[in-house]
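There are 2 protein chains.
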Amino acid sequence: MEIVVRQLEAGDYDKGFLGLLSQLTTVGDIDRAKFEERLKEVSSPDYYIAVAEDAASGKLLGTAALVIERKFIHGCGKVGHIEDVVVDAAARGQRLGQRLVEELVSVSRSRGCYKVILDCAEHNVAFYEKCGLTRKEVQMVQYLDR
Amino acid sequence: MEIVVRQLEAGDYDKGFLGLLSQLTTVGDIDRAKFEERLKEVSSPDYYIAVAEDAASGKLLGTAALVIERKFIHGCGKVGHIEDVVVDAAARGQRLGQRLVEELVSVSRSRGCYKVILDCAEHNVAFYEKCGLTRKEVQMVQYLDR
């Protein structure tokens with residue numbers, strides 16, 4: 001199977017991008033206009049949303065997002081945050097997740113980040129270790145009732 | 001002591017902002033032009049860098065940064081990332097850290113985030129629990145040799 005890893009684009013609304021994300025968590029109702037608005041907002045040097053597409057079918061089989069944070073520490077350094085990594089249930093075991101993460105690490109490096117970080121469940125630590133990351137700290141969360 | 005919590009501004013270069021950050025980690029040489037350039041880059045709806053200023057002396061005693069991430073999941077939701085929280089060694093024990101974190105949680109809520117997250121060392125978990133956060137996942141890191 002030939003897989004192309006590339007940046008998210010508008011046509012991916014019809015290639016199953018949101019259905020893929022729904023395998024990760026709640027996506028909700030996002031119509032084409034809302035999708036395109038958010039895509040425009042993240043079309044910036046501080047984002048890179050990668051997708052893995054099956055070249056034969058044109059269907060998306062995986063995605064992972066990178067957000068670049070601009071800091072003052074480390075000489076006004078930048079940090080890449082990897083978020084929302086998901087591979088289609090039917091396409092697991094083909095190292096697509098690893099290819100997506102490695103792509104985002106590569107983009108982080110080329111955009112001048114001094115490190116890449118992410119948060120994951122305990123049972124995914126071994127997967128991210130295979131991608132070249134190591135265990136560091138504790139993630140804390142507060143959910144907001146707006 | 002009267003403390004004002006407000007957003008970072010250009011004049012904070014002279015009020016000890018970088019010296020404060022150097023109590024957290026390496027800051028390096030950042031001249032006024034570089035500081036102002038980064039400040040301009042983070043003068044956006046997706047950042048809020050809070051500082052705590054001693055009203056009497058005009059000296060900064062603490063800072064904490066918020067980066068807002070725009071996602072597709074959760075109905076094109078937004079997540080606040082809290083980063084680089086530091087309180088001057090001489091001003092600890094006055095709940096300044098808690099005030100700064102609470103300010104960033106409040107800004108996250110007002111800007112429509114559905115959650116706020118951060119990464120911290122194990123020995124700071126109890127502090128962030130006092131701020132209203134709870135333990136969630138594992139943070140992973142990869143340092144990049146550019």
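One line per chain: the protein sequences are V and E, in this order.
For the first sequence, the UniProt record's numbering assigns the number 1 to the initial residue and increments by one for each residue that follows.
For the second sequence, the UniProt record's numbering assigns the number 1 to the initial residue and increments by one for each residue that follows.
Where is the CB? At the ideal position from N, CA and C, for every residue including glycine.
Please read all numbers here as calculations on a predicted model, not as lab measurements.
Where residue i meets chain V, residues with beta-carbon distance less than 9 Å
i       : result
E103(E) : Per Cβ cutoff of 9 Å: no residues; E103(E) is ~13 Å from chain V at best.
Neighbouring residues, chain V, relative to residue i (Cβ below 8 Å)
i       : result
E69(E)  : V67, H81 and E83
L18(E)  : F72
Y13(E)  : The contacting residues do not exist; Y13(E) stays about 10 Å from chain V at best.
I3(E)   : The contacting residues do not exist; I3(E) stays about 21 Å from chain V at best.
V125(E) : V138 and M140
Contact set between residue i and chain E, taken where Cβ atoms lie within less than 8 Å
i       : result
L121(V) : In the sequence under discussion, the amino acid at residue 121(V) is Ala, which differs from the Leu named in the question. Residues of chain E passing the Cβ test: E137 and V138.
V116(V) : V141, Q142 and L144
Assumed close pair residue i, residue j - CB separation to whole angstroms, cut-off 8 Å
i              : j       : result
L66(E)         : S110(E) : The pair is not a contact, with the Cβ atoms about 11 Å apart (cut-off 8 Å).
I73(E)         : L60(V)  : Incorrect: roughly 15 Å between the Cβ atoms, too far for contact.
V101(E)        : G62(E)  : Wrong, their Cβ atoms sit about 10 Å apart, outside the cutoff.
V116(E)        : Q142(V) : 5 Å
L104(V)        : A64(V)  : 6 Å
residue 234(V) : C131(E) : Because chain V is modelled from 1 through 146, residue 234(V) falls outside the range shown and cannot be assessed.
K15(E)         : E53(E)  : 7 Å
A121(V)        : E129(E) : That pair is no contact at about 20 Å.
Contact list for residue i against chain E, beta-carbon separation under 9 Å
i      : result
G75(V) : T26, V27, G28, D29, I30 and K34
K59(V) : Within 9 Å Cβ-Cβ: nothing; K59(V) doesn't reach chain E, min ~17 Å.
Beta-carbon proximity list for residue i, same chain, < 6 Å, skipping 5 on both sides
i       : result
D46(V)  : I68
L8(V)   : I49 and V51
D119(E) : Q139
G93(V)  : none
G80(E)  : L66, I68, S108, C113 and V116
Residues near residue i by beta carbon distance below 7 Å, same chain, minus five either side
i       : result
L24(E)  : D84 and V86
R70(V)  : K78
V125(E) : R135
E2(V)   : A55 and A56
D12(V)  : V51 and L60
G58(E)  : K15
G97(E)  : G62, V85, V87 and F127
S106(E) : none
Cutoff 8 Å; reference residue i; Cβ partners in own chain excluding five residues on either side
i      : result
L18(E) : V27, I30 and F35
A89(V) : Q23
Residue i beta carbon near the ligand MG (any heavy atom closer than 6 Å)
i       : result
Y114(E) : The ligand MG is not among the ligands present in this structure, which contains no ligands whatsoever.
Residues that residue i contacts on chain V, provided the C-beta gap is smaller than 7 Å
i       : result
G132(E) : Q142
Practice item. Would you list, in chain order, the members of the stretch 84-109 of chain E that have their beta-carbon closer than 7 Å to a beta-carbon of chain V? Key: Against chain V - using a Cβ distance shorter than 7 Å - the residues of the stretch 84-109 of chain E are D84, V105, S108 and R109.
Using a Cβ cut-off of 9 Å, which residues of the stretch 21-49 of chain E contact any Cβ in chain V, in chain order? Hits within the stretch, in order: L21, S22, L24, T25, T26, V27, G28, D29, I30, K34, F35, E37, R38, L39, E41, V42, D46, Y47 and I49.
Practice problem: Return the chain-ordered ranges of every alpha helix (DSSP H) run that is complete within the UniProt domain "N-acetyltransferase" (3-146) of chain E and spans a minimum of 4 residues. | Solution: Runs of the alpha helix (DSSP H) inside the UniProt domain "N-acetyltransferase" (3-146) of chain E: 17-21, 32-41, 73-76, 96-110 and 125-130.
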